[in-house]
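Chains as they are written, first to last, in the numbering used here: chain A, 49 to 341; chain B, 49 to 341.
The next block holds one structure in the form of structure tokens; read it before the comments.
2 protein chains.
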Amino acid sequence: MSKVGFIGLGIMGTPMAGHLIAAGHELFLHSRSGVPGPLTDAGGVACASPKEVAEKADTIILMVPDTPHVEAVLFDESGVAAGISKGKCVVDMSSISPLATKEFAEKLGELGCDYVDAPVSGGEVGAKAGSLTIMCGGTEEAFARVLPLFELMGKNITRVGGVGDGQVCKVANQIIVALNIEAVGEALVFASKAGADPEKVRQALMGGFASSKVLEVHGERMIKRTFDPGFRIELHQKDLGLALSNARQMGVSLPNTATAQELFNSCSANGGAAWDHSGIVRALELMANHEVG
Amino acid sequence: MSKVGFIGLGIMGTPMAGHLIAAGHELFLHSRSGVPGPLTDAGGVACASPKEVAEKADTIILMVPDTPHVEAVLFDESGVAAGISKGKCVVDMSSISPLATKEFAEKLGELGCDYVDAPVSGGEVGAKAGSLTIMCGGTEEAFARVLPLFELMGKNITRVGGVGDGQVCKVANQIIVALNIEAVGEALVFASKAGADPEKVRQALMGGFASSKVLEVHGERMIKRTFDPGFRIELHQKDLGLALSNARQMGVSLPNTATAQELFNSCSANGGAAWDHSGIVRALELMANHEVG
């Protein structure tokens, strides 16, 4: 069993760290909002700072909201970099900028440390069930070293490539999911305003080239008008923000991702920041002055 | 066995009519480009005009390129309406405007005739194999009457609703397929320019919420650079044209469909009218000055 640090104990991080403790690992914990009692009760050790976590653990896992939080946890005065030493490994499971990830990994590499980016999908349900999808970037050696930890938290674990490629894959995932939802939204608003029954249209399209996980799951939500998350629009806005800012830095045009972001913005303007992302259909409905149904 | 007219004997219509003849139906045939010899050899009767077809057959099937062709076949001086009589049924299997379809059906209704719109997907391969997907609009009675003919040409046959709803469903299908392809294109150009291996990204995304028939089939084409059709961009441009013109008439906004059409236009401008529709990725590649790979 190994000494594992875990920084960021929110809705996702808490159950993930719990799986590691339950498997017998020695956990060193830190979170902006304090360490949850059940984790220390189970044997986890609360630390005063990311620096202290990095001093005590060999592998330091991060699960925080966004790029600036990762940067702060790693490089602030009492951050991970201030406590880490040669041969240790940082594993960032947050969903953040791929380009920033490469910079962070380079700085830690100068200290003799490995870096694996390993963003997840599957949400709170997957975190609790230990069934997250984990998309990893890093050297084969570093990946092999932390794989046993990943296997306690997830099921579908892929090493996509070198450092940053896990984050790239996560962004690609969020682009496709957002645009597939928007596609189903356009099709159902069109069909419904034309007088067709959207559920019959959806049924007719399943199994053909239009079929997708999104047509199945999010299409049904649009028709049944169930917009409880699921995955909140404000979180998808963050992810498309990463897509668009990284695309701009790299010189890539993402025209439909940009439009999807504007439609999410319209949802937020109409009180929908916490709707499930299938609620993007409501922005299209406003534009068409017509509700699917 | 019944007397069936078939107007429009191109790449799709010829094998479809062939299945009806093979099943023992009496076929009355007309096509702008002449009736193919093998169909008359098999027992089909060539007719001089759509009018003559409508005089001789009880059910008149159309399989022509676009809305104006259907209008001409039905309502020109020597068209179907000039020869048809009460109790007969027109079945339009072309992919045309849903709104125009409702007008055509109304005019034929005034002559005491049924109308079923029944556009297909599955292409030349499906037409030859008799495995087309057929999306139908019309009354239950009219649908029941022509279903035995559909079963000779297709496998997945759905009555979506009343007249026009088959065409609405086909347009919805083409919107989703185009936008799902565009989504995979944006994700793969992003991932590739960021330095990740697009095939590893695609593999990692299969099975999750980003999974779709398009990620499977068209994603692979983008990575393997195989842009032979498949389904030609110029045909998808026609279908998105139907989507956008009907949307405008109905008062529906389709922002990403509009952008996808512009990207197809860019493909055509670069010699790609006959590329497979997965070639939309090339328009994104031009914008990013980077080829997926």
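Cβ coordinates follow ideal geometry from the N, Cα and C atoms, glycine included.
Just so we're clear, the structure is a prediction, and the values are computed from it rather than from any experiment.
In angstroms, rounded to a whole number, what distance separates the CA positions of residue i and residue j?
i	j	result
A:Ala190	A:Arg207	11 Å
B:Val139	B:Val168	12 Å
B:Ser97	B:Ala129	11 Å
A:Asn228	A:Gly256	15 Å
A:Val52	B:Val300	54 Å
A:Leu283	B:Met183	37 Å
B:Ala102	B:Ala120	14 Å
A:Lys248	B:Ser314	34 Å
B:Ala70	B:Glu100	22 Å
B:Phe123	B:His117	10 Å
B:Met298	A:Leu197	55 Å
B:Gly327	B:Ala235	14 Å
B:Ile55	B:Ile109	6 Å
A:Thr307	B:Leu292	17 Å
B:Lys218	A:Val262	18 Å
A:Gly341	B:Val237	36 Å
A:Gly214	A:Pro303	23 Å
B:Met201	B:Ala258	33 Å
B:Leu195	A:Ala317	48 Å
B:Leu290	B:Asp165	15 Å
A:Pro86	A:Met270	38 Å
B:Met141	B:Ala295	21 Å
B:Gly212	B:Lys286	18 Å
A:Arg280	B:Met49	57 Å
With a threshold of 8 Å between beta-carbons, can residue i be considered close to chain B, or not?
i	result
A:Phe238	yes
A:Ser97	no
A:Glu247	no
A:Glu100	no
A:Asn221	yes
A:Cys315	no
Using a C-beta cutoff of 8 Å, does residue i count as contacting chain A?
i	result
B:Pro146	yes
B:Gly289	no
B:Ala190	no
B:Ala235	yes
B:Ile224	yes
B:Ser169	yes
B:Thr181	yes
B:Val208	yes
Residues of chain A with CB under 9 Å from residue i, in chain order?
i	result
B:Lys241	Ala295, Met298, Gly299 and Val300
B:Lys261	Gly255, Gly256, Phe257, Ala258, Ser259 and Ser260
B:Leu230	Looking at the sequence provided, one finds Glu at residue 230 of chain B rather than Leu. Within chain A, the residues near B:Glu230 are Leu227, Ala231, Pro303 and Asn304.
B:Leu332	Val300, Ser301, Leu302 and Pro303
B:Asp213	Ala239, Ala242, Gly243, Ala244, Asp245, Lys248 and Val249
For residue i, which beta-bridge partners are listed by DSSP?
i	result
A:Leu110	A:Ile55 and A:Asp140
A:His78	A:Ile55
A:Cys184	A:Arg207
B:Ser314	None; B:Ser314 has no bridge partner.
A:Ser169	A:Thr181
B:Asp124	Bridge partners of B:Asp124: none, in fact.
B:Val164	B:Val139
B:Gly202	B:Leu180
A:Asp324	A:Arg280
A:Ala94	A:Leu77
If the cut is a Cβ gap below 7 Å, which residues of chain B does residue i touch?
i	result
A:Asn43	Beyond the ends of chain A as shown, which are 49 and 341, falls residue 43 of chain A; an answer cannot be given.
A:Ala252	Met183, Thr206, Val208 and Cys217
Closer than 7 Å by beta-carbon distance: list the chain A residues that pair up with residue i, in chain order.
i	result
B:Met335	Ser301
B:Ala175	Simply none; closest approach about 15 Å.
Give the interface partners of residue i over in chain B, defined as CB-CB distance under 9 Å, in chain order.
i	result
A:Gly92	Within chain B, no residue comes near A:Gly92; the closest Cβ sits about 30 Å away, beyond 9 Å.
Can you list the residues of chain A that residue i reaches, using a CB-CB cut of under 8 Å?
i	result
B:Thr307	Pro303, Asn304 and Thr307
B:Val216	Phe238, Ala239, Ala242, Gly243, Ala244 and Val249
For chain C, is any of its Cβ atoms less than 8 Å away from the one on residue i?
i	result
A:Met111	Looking for chain C here will not work: the only protein chains present are A and B.
Inset, instruction - Any chance you could list the alpha helix (DSSP H) runs of at least 4 consecutive residues sitting entirely within the stretch 231 to 300 of chain A, in chain order? - result: 246 to 253, 261 to 272 and 281 to 298
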